[in-house]
Structures are given as C-alpha cells and as structure tokens.
Amino acid sequence: MMQTKAAVLTAPGNLEITTRELELGEDEVLVKCHLTGICGSDKSIYKGDLPPNITLPFYIGHESGGTVIAVGSKVREYKPGDRVMVFNWCNAFAEYYKVPVTGLQPAPAGLDPDIAALGEPVACAMYSALTCGAQLGDTVVVYGMGFAGQIIAQAVKAMGAYRVIAVDVAPGKLELAKKLGSDIIINAALEDPVQAVLDLTDGVGADVVVEAAGSEKSMNQATAMLKHNGILALYSWITQPVTLNIGRWHDDALEIRTTCLVHHTREQRYIWTPWALRPVIQRQIDVRSLITHEFPLDRIAEAFAVAVQDPGAIKVVVRP
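If you want the working numbering, it's the 1-based position in the sequence shown plus 625.
Now the structure itself:
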C-alpha cells in the first residue's frame, strides 16, 4: 500500500488534486510517472461528454509512461527499473499509478523518454498513417491538425504522397503543418475545404482522406472531398451519435478504414506498436515540436484549461 497525489474529475470542468491509496494487485504493475499527455478523449470527458462506461468522480488520464517501481506476484513480463508505455486508462495524472500487466508495453530502445511517455498516441497516429492506404503519387488530405493529424501528415508525406493537404481551423496549427512538410494548408473557417480540394484535384477529389477532427461536419466534408473509389480513413473518436451523409460510401464505392491501433486486440497492439514507432526512433517524424505546453501536476486545472481553450495548443503534457 502506498499513497500518491492524483487528479480526479469531480464534475465537468472541475479537476482536483487528491491523495489516493494504491494497493498493488497480483497482476498489476506500479509505475512512477514520467509525464502524461492530455488526450482529445480526456478533453471530451473533462467537458462532460462522458462515454457510457465512465461516471464521476473519475480518476483521469491514460497517455503516459514511466519506470516500473514494483510488480504484482504473478507478473513475469516486467521488473523494477523497466521503462514502459501505458495503453490503459489508469489515472495517469498522478505521481504513481498502477496498471494491469496487459495495459503496458515495453518502451523501445532508443526512444526519447518524453516521447515514450506519449507512446500510445504517437503509435496510434503512426499506425493510422501506415495503414490508411496512402501510396506513392497520392493526394492525401489530413482533416484535423492536432497531435495525431500532425504526425499522420508527416508520415504520409514520407511514405511518398504526392501532395499532403492539411485542413484545420486554427492558423497556428496550419502554419506548423506547413513547416513540418504539408504541401498545402486549408483553413476550413475561411473557405470551403471540399471545394478547395476539388479545385486542387481538377474536380476528381483526394485519393485518401484521414479524418482526425472528430465532428459531424468534418466527417461529412471528408466524405465529400474523396474521389470515386477513394479511401476514408477514420482516426478520430466521435463519442456521441451524429448524422452522416453516407450515400457516397455506397454509390462511389468508398473504402472505409478504421485505423485506431488500440481498438484492435491487445496481442495485435503488442506486435504493431514497435513497428509503428520505428520511424519515430529513426527521427523521420518530428514529435517534439508538437509538445506545445507543459505543466506540473499541481497546475493540472490550468493545463486542461489551456488544452481546451487555446486553439494553438497541440499536445499539453503534465509532468509530476
């Protein structure tokens, strides 16, 4: 039994730091937190958009990694001192947290500790890029230039896409996307992104669109800007029912791909994660530039306020 400072969401928009007792189960691992990122799903929960399996008060946080401190009696996969990445909801906004052994992944050798602590979102974005169907010569639209979108755009360009078109409503995110290799940027707050993509492709549409914005509007626009037989790669997590115009999915034989790594099986995730992170270790992808804000745990309320309210915030991290 040990105590740790930890963040708890007691009501929408209200985060508190509390002292929590941790008792390690036989199949659990105790991890000293290195840092934790604020995910889009964390922001949704913070604002009160609660998935069915979550109730308040909620011990929040899952994008994290750190060092193993202790292991349960039945754990053979890890030992104290191992560096690990978290793939499990575990109250990671804390000094220490416990994770079922199935919710961890070894941190690959050569991966910067800060990036390893963001291994789950980085691997998810990289997996989306690697499996979205983008090929040499394609025009690829990445709709939504948050943390994942920025990684996906860099990766598909490195994979040989002829043109990478970045779409967002935040000028700062679009400017960064351009700096990191996107060929064309479209501000969807200032122009119709569907018409812009059609104009750029002589009315044909994009070969691949990766939807990483997560709204009803972005989903429908992503559908509308695809070419006949194009690929719609779904990345974002839309937690509430929306109305979609899916007539084109059938009429134009669109290929719909779900590209979220962690929604596959644990066994698949375990194998695919090192593959997805390899280009990051090789420094083909710039992740460091996407960490725009850092806060200590005691200022977590401020960290979430920035993540939710600042349109220029890409990845906000909390370091205990």
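Backbone N, C-alpha and C fix where the C-beta goes; we use that ideal spot for every residue, glycine too.
Just the Cα atoms here: how many angstroms apart are residue i and residue j?
i      : j      : result
Gly690 : Ile663 : 13 angstroms
Ile811 : Ala821 : 8 angstroms
Glu670 : Gly839 : The sequence shown places Ile at residue 670, not Glu. The straight-line gap from Cα to Cα measures roughly 14 angstroms.
Glu919 : Pro936 : 16 angstroms
Leu823 : Val941 : 34 angstroms
Gln775 : His659 : 23 angstroms
Tyr684 : Gly744 : 21 angstroms
Ile881 : Leu655 : 39 angstroms
Thr883 : Tyr860 : 7 angstroms
Gly771 : Lys798 : 7 angstroms
Gln760 : Trp862 : 25 angstroms
Leu851 : Val835 : 10 angstroms
Ala791 : Asp808 : 8 angstroms
Gly728 : Asp827 : 47 angstroms
Val789 : Ala901 : 20 angstroms
Ala786 : Thr764 : 6 angstroms
Pro746 : Gly830 : 29 angstroms
Val794 : Glu702 : 44 angstroms
Tyr752 : Asn854 : 22 angstroms
Leu879 : Ile856 : 6 angstroms
Tyr721 : Pro921 : 14 angstroms
Thr868 : Gly735 : 44 angstroms
Thr643 : Ala632 : 6 angstroms
Thr629 : Pro945 : 11 angstroms
Asp832 : Glu641 : 46 angstroms
Arg645 : Lys723 : 11 angstroms
Ala847 : Thr917 : 27 angstroms
From the DSSP output, which residues share a beta bridge with residue i?
i      : result
Asp824 : None; Asp824 has no bridge partner.
Thr629 : Arg645
Thr864 : Paired residues: none, contrary to the question.
Pro882 : With the sequence shown as reference, residue 882 is identified as Arg, and Pro is not the correct amino acid for it. Answer is Ala858.
Gly690 : Leu660 and Met710
Phe929 : In the DSSP output, where bridge partners are listed per residue, Phe929 has none listed.
Tyr684 : Val633
Lys639 : Checking the sequence shown, residue 639 turns out to be Asn, not Lys. Asn639 is bridged to Ala636.
Leu655 : Ala695 and Lys723
Arg944 : Pro921
Ala791 : Val767 and Ile810
Ile916 : Lys940
Closest to residue i by C-alpha separation, out of the options, would be which residue?
i      : options                           : result
Leu915 : Trp900, Arg924 and Ile939         : Ile939
Thr635 : Glu927, Val711, Met784 and Thr680 : Thr680
Phe929 : Gly638, Leu743 and Gly650         : Gly638
Asp876 : Thr864, Ala849 and Gln865         : Ala849
Glu653 : Ala632, Ala783 and Pro725         : Pro725
Met626 : Ile896, Arg944 and Gly697         : Gly697
Val711 : Ala741, Ala632, Val867 and Ile694 : Ala741
Phe718 : Thr661, Ala813 and Gln628         : Thr661
Pro866 : Ala858, Ala847 and Lys842         : Lys842
Gly673 : Pro945, Pro899 and Thr864         : Thr864
Ile896 : Gln730, Arg924 and Gln934         : Gln730
Pro705 : Thr692, Gly769 and Thr898         : Thr692
Val912 : Cys715, Ala926 and Ala773         : Ala773
Val613 : Gly872, Lys803 and Ile642         : An answer regarding residue 613 cannot be provided, because it is not within the stretch 626 to 945 covered by the chain.
Asn678 : Trp714, Glu688 and Gly650         : Trp714
Val709 : Glu720, Ile694, Asn716 and Lys699 : Ile694
Lys699 : Asn716, Asp739, Leu649 and Lys657 : Leu649
Pro682 : Asn716, Gly758 and Lys723         : Asn716
Cys749 : Ala814, Glu800, Glu688 and Gln907 : Glu688
Can you name the start and end residues of the alpha helix (DSSP H) that residue i belongs to?
i      : result
Pro904 : Arg891 to Ile906
Asp876 : Gly872 to Asp876
Glu816 : Looking at the DSSP string, Glu816 is not in any alpha helix (DSSP H), and its letter there is neither H nor E.
Ile670 : Gly665 to Tyr671
Leu799 : Pro796 to Lys804
Along the beta strand (DSSP E) that carries residue i, what are the first and last residues, could you check?
i      : result
Leu857 : Leu851 to Leu859
Ile910 : Ile910 -> no beta strand (DSSP E), and no H or E assigned at all.
Ile811 : Ile809 to Asn812
Ala831 : Ala831 to Glu836
With 9 angstroms set as the bound, which would you pick, yes or no: does the beta-carbon of residue i sit closer than that to a beta-carbon of chain B?
i      : result
Val833 : No chain B appears in the structure shown, which is made up of a single protein chain.
Continuous alpha helix (DSSP H) assignments of at least 4 residues falling wholly in the region 702 to 785: Listed in chain order, the complete alpha helix (DSSP H) runs (minimum 4 residues) inside the region 702 to 785 are 738 to 742, 744 to 756 and 772 to 783.
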